[in-house]
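Student: My questions will all concern the structure given below.
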């Protein structure tokens, strides 16, 4: 059966996904503030003064992998603009999320996602898998500082008082994480995966999954520990286990285009050496591209 979807990358782990029936799925809404501090390339900062909501004409679903700020910062703006959008959040992060944002669960359509849950929405089916978040990079002074402190020391207000909601919110963001498989109309499957490859001991869950499209996080830990001199071998090996037809990066804002191309080339060479048809694509920031599936396979246009 033929089917086609549209996508675009909007910074951090935020993608807009438009299914063939027009349903809009937003992943990890954080776009505002994509300034020089976060972005390796000027065009990544094209809409640094806009929120994810400003880039949307429609939003039906929001998928949250976890609740760290660079995955949920723009959620309040999205829900203000699209109050009926369903928000899917890891079950351990749901309570901290509503407390942090001061939302009533009676008023907001928040759907909790447990490990091995299958959520059957009218437009698609969502399978949820527990994952492993990337470890804090000890070379980063901020994260090294946080690692050395307990939460009661780290999360203080200006007056020195401990903020239990902020601490709970941050803890759930690091400890409770979900990967998702979207089974869309026409049989297309999209696997949204993020985390630390070498520390994800649930890899057996993904082996031989064979999705049409796989998102993979290219954090520093997944490219050999150095964003300025990245290796594609870890990602190449992991994605070979999963066997998607197309691989797309997420959270690539801190990589230069040259280094993104290097990861792509090394992964492509890894696939070729093993006679695999997997294709690694590098979408341009904020530019729409299409992925089509028919009897001959999966095809991309505009990446």
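Residue numbers (the working numbering): 41 to 343. C-beta: ideal position from N, C-alpha, C; glycine also.
If you draw a straight line from the alpha carbon of residue 344 to that of residue 200, how long is it in whole angstroms?
Tutor: Because the chain spans 41 through 343 in this model, residue 344 falls outside it and cannot be assessed.
Student: Does the Cβ-Cβ distance between residue 115 and residue 162 come in under 8 Å?
Tutor: Result no, Cβ atoms of residue 115 and residue 162 do not sit closer than 8 Å.
Student: Between residue 137 and the rest of its own chain, which residues show a CB-CB distance below 6 Å, the 5 nearest in sequence each way excluded?
Tutor: Result list for residue 137: 107 and 129, in chain order.
Student: Taking residue 135 as the reference, give the member of 126, 150 and 121 with the closest Cα.
Tutor: The shortest C-alpha separation from residue 135 is found at 150.
Student: Among the residues of its own chain, which have a CB less than 6 Å from the CB of residue 310, if the five just before and after it don't count?
Tutor: Here the set comprises 276.
Student: How would you call residue 268, buried or exposed, if buried means at least 16 neighbouring beta carbons within 10 angstroms?
Tutor: Exposed.
Student: What number of angstroms, rounded off, separates the C-alpha of residue 236 from the C-alpha of residue 154?
Tutor: The straight-line gap from Cα to Cα measures roughly 20 Å.
Student: Apply the 10 Å Cβ neighbour rule to residue 248 and answer buried if 16 or more other Cβ atoms are within range, or exposed otherwise.
Tutor: So residue 248 counts as exposed.
Student: Go ahead and pull the three-state DSSP assignment for residue 172.
Tutor: If DSSP states are grouped into helix, strand and coil, residue 172 belongs with coil.
Student: Give the straight-line distance between the Cα atoms of residue 103 and residue 168, rounded to the nearest whole angstrom.
Tutor: Taking the straight line joining both Cα atoms gives about 11 Å.
Student: Mind reading off the beta-carbon distance from residue 307 to residue 322? Whole number of angstroms is fine, and I expect it under 8 Å.
Tutor: At roughly 10 Å, the Cβ-Cβ gap does not stay under 8 Å, so residue 307 and residue 322 are not in contact.
Student: Could you work out which residue in 64, 51 and 212 is closest to residue 122 when comparing CA atoms only?
Tutor: Selected option, being the one with the closest Cα: 64.
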